[in-house]
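The sequence shown begins at 1 in the UniProt record's numbering and counts up by one.
Using N, Cα and C, we set each Cβ at its ideal position, and we do this for glycine too.
First up is the structure itself, then whatever we jot down about it.
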Amino acid sequence: FTIMKDKVSGNLSIIIFLIMLGMIVSLITKSGASRAYGEWATRKIKSRRGASFATSALGALIFVDDYFNCLTVGTVMRPITDRQKITRAKLAYIIDATAAPVCIIAPISSWAAAVTSSLPEDANINGFSLFLQTIPFNFYALFTLAFLIWICATDIDFFTMAKYNKHVEKSGKIDSNEEESTVIVGCGTVKDLLIPIFFLIISCITAMYYSGGGFEGVGIVDAFANCSAADALVLGSFVALVFTFLMYVPRKILTFGQFCESFTEGFKAMVPAIFILTLAWTLSGICSEDYLDLRGFVSSHIHGDAAISMFLPAIFFLIALGIAFATGTSWGTFGILIPIAFSIFGTDVMLTITVSACLSGAVCGDHISPISDTTILASAGAQCKHINHVSTQIPYAVSVAVICFISYIAAGITQNGFIGLILGAILLVTFAVFITIKCKKKI
């Protein structure tokens with residue numbers, strides 16, 4: 001408990017940010033703005049491809065938090081995808097593919113806060129700056145989104161998903177798992193969804209610039225490199241919360257009482273995330289040099305061995321995937337593996353690639369784990385039976401994971417993340433072409 005207390009007190013800003021983010025998410029949901037987007041989309045979307053792309057676009061837009069993403073996208077787009085005869089399992093896949101993979105490459109998100117808080121205390125690098133550097137090399141997130149675009153554009157399904165779709169088509173029934181929808185009391189419009197999210201982004205970016213000394217003459221690059229990301233996110237989200245109040249209450253989108261109710265609802269929604277993050281911090285503290293010294297143990301066995309070091313990004317990817325799959329939490333995986341990566345590479349060029357592999361593997365494991373919160377929420381959002389979502393998603397996720405593993409091997413051998421990115425892109429295109437030809441032959 002001493003470790004937990006120290007970790008929580010040292011990361012209090014992250015917890016406050018998550019709570020305020022939960023409040024903003026609850027306000028947007030309660031306002032009816034998401035429902036308004038769905039009604040607008042119903043009038044505009046006339047095809048299966050259009051419905052798939054609209055679902056993906058909404059998922060990419062709601063990048064601030066994966067919980068908000070899963071439930072909102074599913075609730076809004078489900079009637080539209082049903083009308084276009086897109087199965088609930090495929091809807092669940094689209095929701096899941098635009099949840100964690102989008103959040104992990106979004107600087108203004110609960111996931112960015114979780115990653116930056118996972119750095120060891122003696123790290124001589126700004127956590128937010130490192131997070132930005134990992135984005136181009138987070139292969140699983142990038143390739144999953146590219147793979148999803150191909151799926152939406154071609155309307156091609158394969159493996160378990162294709163079999164499931166044929167089964168649903170023959171039966172003529174929607175294989176659903178109906179649940180209670182979120183209570184919506186407001187009369188918000190599409191702009192009431194877009195403007196608060198846009199303002200949250202702008203206010204957080206401005207707060208980062210301010211905390212890094214940008215208003216005191218420091219250059220833009222240095223300001224963001226030296227900013228206190230956690231404190232800036234708290235300031236930015238608070239300003240966005242005040243702005244949302246001024247946008248909703250005077251216009252009677254929500255009453256003052258309903259606005260206040262969203263505070264407790266938002267806090268409750270974030271309790272699981274805060275709980276997971278607290279346990280991840282505690283586990284990281286137990287593994288620190290003051291206790292188990294897991295970093296020192298691993299470093300003493302690997303440090304200086306070039307033959308092993310070049311394969312470490314790929315190894316870290318697999319380990320992160322396994323831990324996240326077994327535990328159902330990617331945030332806990334961050335807390336364990338990122339400090340170990342620091343102990344091996346320090347500030348070496350391979351650090352960014354290896355941390356990227358940790359994040360990539362954690363998201364992949366989280367994506368395919370049947371006990372992952374985001375996987376469960378994607379099923380709930382699509383109102384799809386959970387076993388159907390898991391069984392149809394795994395072949396897609398594993399296909400991308402294999403490409404990522406090969407890409408990290410290339411990145412480690414060349415010590416150049418962009419080589420791995422290019423190779424992975426080539427492999428992904430080759431795989432997509434192969435599947436396209438194979439599916440057309442069956443037709």
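Inter-residue Cα distance where the pair is residue i and residue j
i: residue 145; j: residue 53; result: 12 angstroms
i: residue 171; j: residue 429; result: 34 angstroms
i: residue 254; j: residue 91; result: 30 angstroms
i: residue 374; j: residue 316; result: 22 angstroms
i: residue 9; j: residue 166; result: 53 angstroms
i: residue 218; j: residue 43; result: 48 angstroms
i: residue 256; j: residue 403; result: 51 angstroms
i: residue 82; j: residue 63; result: 24 angstroms
i: residue 180; j: residue 271; result: With a pLDDT of only 45 at residue 180, under 50, the local geometry of the prediction cannot be trusted, and no value is derived from it.
i: residue 258; j: residue 111; result: 28 angstroms
i: residue 340; j: residue 384; result: 38 angstroms
i: residue 290; j: residue 7; result: 14 angstroms
i: residue 394; j: residue 160; result: 9 angstroms
i: residue 388; j: residue 157; result: 15 angstroms
i: residue 336; j: residue 129; result: 20 angstroms
i: residue 36; j: residue 84; result: 19 angstroms
i: residue 114; j: residue 169; result: 41 angstroms
i: residue 326; j: residue 369; result: 7 angstroms
i: residue 440; j: residue 420; result: 30 angstroms
i: residue 61; j: residue 109; result: 12 angstroms
i: residue 222; j: residue 164; result: 52 angstroms
i: residue 260; j: residue 12; result: 23 angstroms
i: residue 126; j: residue 132; result: 10 angstroms
i: residue 310; j: residue 415; result: 7 angstroms
i: residue 351; j: residue 379; result: 35 angstroms
i: residue 59; j: residue 101; result: 10 angstroms
i: residue 267; j: residue 97; result: 25 angstroms
i: residue 241; j: residue 134; result: 29 angstroms
i: residue 398; j: residue 427; result: 14 angstroms
Which of helix, strand or coil DSSP assigns to residue i
i: residue 437; result: helix
i: residue 187; result: coil
i: residue 227; result: coil
i: residue 182; result: Below a pLDDT of 50, predicted positions are generally treated as unreliable, and residue 182, at 47, falls in that range; the measurement from the model is reported next regardless. Residue 182: coil per DSSP, three-state reduction.
i: residue 431; result: helix
Candidates the options: closest to residue i by CA position
i: residue 372; options: 390, 355, 384, 410; result: 390
i: residue 33; options: 3, 47, 248; result: 248
i: residue 236; options: 219, 205, 250, 224; result: 205
i: residue 434; options: 339, 232, 150; result: 150
i: residue 392; options: 21, 6, 169, 88; result: 88
i: residue 346; options: 18, 120, 94; result: 120
i: residue 99; options: 66, 84, 113, 79; result: 66
i: residue 80; options: 38, 60, 113; result: 38
i: residue 239; options: 202, 273, 344; result: 202
i: residue 25; options: 401, 70, 13; result: 70
i: residue 148; options: 439, 396, 420, 369; result: 396
i: residue 72; options: 321, 377, 415; result: 377
i: residue 308; options: 344, 320, 370; result: 344
i: residue 322; options: 250, 362, 312, 231; result: 362
i: residue 187; options: 252, 312, 2; result: 252
7 angstroms Cβ cutoff met for residue i and residue j
i: residue 410; j: residue 423; result: yes
i: residue 137; j: residue 406; result: no
i: residue 74; j: residue 412; result: no
i: residue 324; j: residue 285; result: no
i: residue 196; j: residue 28; result: yes
i: residue 23; j: residue 262; result: yes
i: residue 47; j: residue 152; result: no
i: residue 349; j: residue 338; result: no
i: residue 51; j: residue 95; result: no
i: residue 274; j: residue 18; result: yes
i: residue 199; j: residue 245; result: no
i: residue 448; j: residue 400; result: The requested residue 448 does not occur in the structure, where the chain is confined to residues 1 to 443.
i: residue 16; j: residue 117; result: no
i: residue 123; j: residue 418; result: no
i: residue 192; j: residue 360; result: no
i: residue 78; j: residue 155; result: no
i: residue 40; j: residue 234; result: no
i: residue 358; j: residue 320; result: yes
i: residue 232; j: residue 269; result: no
Residue i Cβ short of 6 angstroms to the ligand SAH heavy atom set
i: residue 58; result: For the structure depicted, the ligand SAH is absent and the ligand set is empty, with no information on it obtainable.
With three or more beta-carbon pairs closer than 8 angstroms as the criterion, would you say the region 319 to 337 touches the region 263 to 280?
yes
Cβ contact (3+ pairs, closer than 8 angstroms) linking the region 207 to 214 and the region 223 to 234:
yes
With three or more C-beta pairs closer than 8 angstroms as the rule, is the region 125 to 144 touching the region 96 to 107?
yes
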